[in-house]
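Novice: Encoded as C-alpha cells, here's the structure I'll be asking about.
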Amino acid sequence: MELDTMDRAPERPALPKIVKVSAEARAIEALRSQIITGMLPAGARITEVQLSGEMGLSRATVRTALHELQKEGLLRLKPYTGWTVIQLTRQDVWELYTLRSAVERLASQLAAGAPMEQRTRIQAAFDNLADACVDASAARIAEADFCFHHAIVDAASHSRLSAQYELIAQQIRVYIRSSDALIPDPADILSQHAPILNAILSGDSAEAGRLAEEHNLVEGEKLGQSIG
1 MELDTMDRAP ERPALPKIVK VSAEARAIEA LRSQIITGML PAGARITEVQ
51 LSGEMGLSRA TVRTALHELQ KEGLLRLKPY TGWTVIQLTR QDVWELYTLR
101 SAVERLASQL AAGAPMEQRT RIQAAFDNLA DACVDASAAR IAEADFCFHH
151 AIVDAASHSR LSAQYELIAQ QIRVYIRSSD ALIPDPADIL SQHAPILNAI
201 LSGDSAEAGR LAEEHNLVEG EKLGQSIG
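Take 1 as the starting number for the sequence shown in UniProt numbering and just add one per residue.
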C-alpha cells in the first residue's frame, strides 16, 4: 500500500555545517573589533594579564592573538612599555593614503571594465553606505565606507592587487574611522563616493581611476593635517 503523499513529512533544509573556531581566532576577532571600532582607544596600553583575565583565556592564547594583530599593524610592542593600540602618526597617514591612492586608482580603473555583475556589487556596497549614513552610527558608517572600497578592489579581479590590499586592510579600517570622524555630516561622506561609483558603473576607467586617487589624496591630507 502506497503512503499518501499528503502524509509525508515535508523535507527540511539541511543544517549548516558547524565551523570550529579556535580560541586564538576568537581572541583575534574580538580584539580586532574593539580596536577598529575605537572601544580600545588609540594609544591604549594593554597587557597579557589584563586580557587573559577579561577574556578567560590563557596568556599563551592571548599572546598569539596580540602578535597576529601586530602583524596586521593594529598593535605595537614597545620595549619596557608593552603592547599599545596603534595611534596614527602623520607619517602613518601619509604612507597609507599615498599607497591607497595608487592601489585604488588601479582597482577603480579595472573595476570600470569588469562585467556588470561585479560592478553591481559595488552599487550594493554603496547602498549599504547610504543606509549607514542615514543611521548615523559612526562605527557602521566607517565599516560600510571600508566595504565600499573593498568591493572595488574585489571587482578588479586582480589577485596580486587584492593580496597587497589585504596586508593593510585592518589599518585602513582604523584610518577610515579616523578620517570619517572629521566629517560632521554623513551625507558628505556619501557624496564623496558617488562620483567614483558613477564612473565605474558607466565604464569610464580613466575617470574612475582619477576620482579614486583624488578622493584618497584629498581626504588623506585632511587627516594628516588634523594630527598634532
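Even glycine gets a Cβ: it sits at the ideal position worked out from N, Cα and C.
Keep in mind that this is a model prediction, so the values were computed, not measured.
Rounding to the nearest angstrom, what Cα-Cα distance links ALA151 and ILE122 in this structure?
Specialist: Taking the first residue of the sequence shown as 1, we reach residue 151 at position 151. Taking the first residue of the sequence shown as 1, we reach residue 122 at position 122. Those two C-alpha atoms are separated by around 5 angstroms.
Novice: Span of the beta strand (DSSP E) holding LYS78?
Specialist: Within the sequence shown, numbered from 1, the residue matching residue 78 stands at position 78. Element bounds for LYS78: 75 to 78.
Novice: What number of angstroms, rounded off, separates the C-alpha of ILE172 from the C-alpha of LEU15?
Specialist: Walking along the sequence shown from the start, residue 172 turns up at place 172. Walking along the sequence shown from the start, residue 15 turns up at place 15. Going by the C-alpha atoms only, they are around 36 angstroms apart.
Novice: Do you know offhand how far PRO195's Cα is from LEU211's?
Specialist: Counting from one through the sequence shown, the residue named residue 195 turns up at place 195. Counting from one through the sequence shown, the residue named residue 211 turns up at place 211. Going by the C-alpha atoms only, they are around 7 angstroms apart.
Novice: Roughly how many angstroms separate the alpha carbons of SER52 and VAL85, rounded to a whole number?
Specialist: Position 52 of the sequence shown, counted from the first residue, corresponds to residue 52. Position 85 of the sequence shown, counted from the first residue, corresponds to residue 85. Taking the straight line from one Cα to the other gives about 17 angstroms.
Novice: Measure the C-alpha to C-alpha separation of GLY38 and GLY203 and round it to an integer number of angstroms.
Specialist: The residue given as residue 38 occupies position 38 in the sequence shown. The residue given as residue 203 occupies position 203 in the sequence shown. Each residue's alpha carbon lies about 37 angstroms from the other.
Novice: Mind checking SER22: buried by the 16 CB within 10 Å criterion, or exposed?
Specialist: Position 22 of the sequence shown, counted from the first residue, corresponds to residue 22. By the neighbour-count rule (16 or more Cβ atoms within 10 Å), SER22 is not buried but exposed.
Novice: Using 8 angstroms as the cut-off, can you tell me whether the region 184 to 191 makes contact with the region 44 to 51, which would need three or more C-beta pairs spanning the two stretches below that distance?
Specialist: Too few Cβ pairs lie closer than 8 angstroms, so no.
Novice: Using 8 angstroms for Cβ pairs, my map puts GLU48 next to VAL62. What's the rounded Cβ distance?
Specialist: Mapped onto the sequence shown, residue 48 falls at position 48. Mapped onto the sequence shown, residue 62 falls at position 62. The Cβ separation is near 5 angstroms, so the contact holds.
Novice: Using only CA atoms, which one of GLU219, ILE36, ASP92 and GLY56 lies nearest to GLU24?
Specialist: The residue you call residue 24 lines up with position 24 of the sequence shown. Nearest C-alpha to GLU24: GLY56.
Novice: Have a look at ALA144 and ASN128 and give me their C-alpha separation to the nearest angstrom.
Specialist: For the purposes of this step, residue 144 is taken as residue 144 along the sequence shown, with counting starting at 1. For the purposes of this step, residue 128 is taken as residue 128 along the sequence shown, with counting starting at 1. In a straight line, the C-alpha of ALA144 is about 6 angstroms away from that of ASN128.
Novice: Measuring alpha carbon to alpha carbon, tell me which residue in TYR97, SER159 and GLU166 is nearest GLN225.
Specialist: Here residue 225 refers to the residue found at position 225 when the sequence shown is read from its first residue. Nearest of TYR97, SER159 and GLU166 to GLN225, Cα basis: TYR97.
Novice: Could you compute how far the alpha carbon of SER179 sits from the alpha carbon of LEU223?
Specialist: Within the sequence shown, the letter at position 179 stands for residue 179. Within the sequence shown, the letter at position 223 stands for residue 223. Looking at the two C-alpha atoms, the distance is approximately 6 angstroms.
Novice: Are VAL174 and LEU74 touching if we call contact CB-CB under 8 angstroms?
Specialist: As a first step, residue 174 is located in the sequence shown; it is residue number 174 there, counting from the start. As a first step, residue 74 is located in the sequence shown; it is residue number 74 there, counting from the start. In contact: VAL174 and LEU74 (Cβ atoms closer than 8 angstroms).
Novice: Give me the Cα-Cα distance between TYR165 and VAL153, rounded to the nearest whole angstrom.
Specialist: Looking up residue 165 in the sequence shown gives position 165. Looking up residue 153 in the sequence shown gives position 153. Approximately 8 angstroms between the Cα atoms of the pair.
Novice: Note down, in chain order, each residue of its chain lying with its Cβ closer than 7 angstroms to the Cβ of ALA112, except the 5 sequence neighbours on either side.
Specialist: For the purposes of this step, residue 112 is identified with residue 112 of the sequence shown, where counting begins at 1. Hits under 7 angstroms: ALA199, ILE200, GLY203, ASP204, SER205 and ALA208.
Novice: Excluding the 5 residues flanking CYS133 on each side, which residues of the same chain have their C-beta closer than 7 angstroms to its C-beta?
Specialist: Indexing the sequence shown from 1 puts residue 133 at position 133. Here the set comprises ILE141, PRO186, ALA187, ILE189 and LEU190.
Novice: So if DSSP puts GLY82 in a beta bridge, which residue, or which two residues, is it bridged to?
Specialist: Residue numbering aside, residue 82 sits at position 82 when the sequence shown is read from its first letter. LYS78.
Novice: Determine whether the beta carbon atoms of HIS193 and PHE148 lie at a separation below 8 angstroms.
Specialist: Position 193 of the sequence shown, counting from 1, holds the residue named residue 193. Position 148 of the sequence shown, counting from 1, holds the residue named residue 148. Yes, they are a contact pair.
Novice: Would you call the CB atoms of GLN118 and ALA155 closer than 8 angstroms?
Specialist: Walking along the sequence shown from the start, residue 118 turns up at place 118. Walking along the sequence shown from the start, residue 155 turns up at place 155. Yes, the Cβ-Cβ distance between GLN118 and ALA155 is below 8 angstroms.
Novice: Checking 8 angstroms against the spacing of the C-beta atoms, do residue 229 and ILE176 come in under that value?
Specialist: For the chain, the structure presents residues 1 to 228; residue 229 sits outside this window and is missing.
Novice: What do you reckon, are the CB atoms on ALA138 and ALA169 nearer than 8 angstroms?
Specialist: Reading the sequence shown from its first residue, position 138 is the one you call residue 138. Reading the sequence shown from its first residue, position 169 is the one you call residue 169. Cβ atoms of ALA138 and ALA169: not closer than 8 angstroms.
Novice: Residues in its own chain within less than 7 angstroms of GLU214 by CB, not counting five upstream and five downstream?
Specialist: Along the sequence shown, one-based indexing puts residue 214 at 214. For GLU214, where only same-chain residues beyond five positions count, there are no Cβ hits under 7 angstroms.
Novice: On the premise that ALA114 lies in contact with SER157, defined as a C-beta separation below 8 angstroms, what is that separation, rounded to the nearest angstrom?
Specialist: As a working note, residue 157 is residue 157 in the sequence shown. As a working note, residue 114 is residue 114 in the sequence shown. Between ALA114 and SER157 the Cβ distance is about 6 angstroms, and since that is below 8 angstroms, they are a contact.
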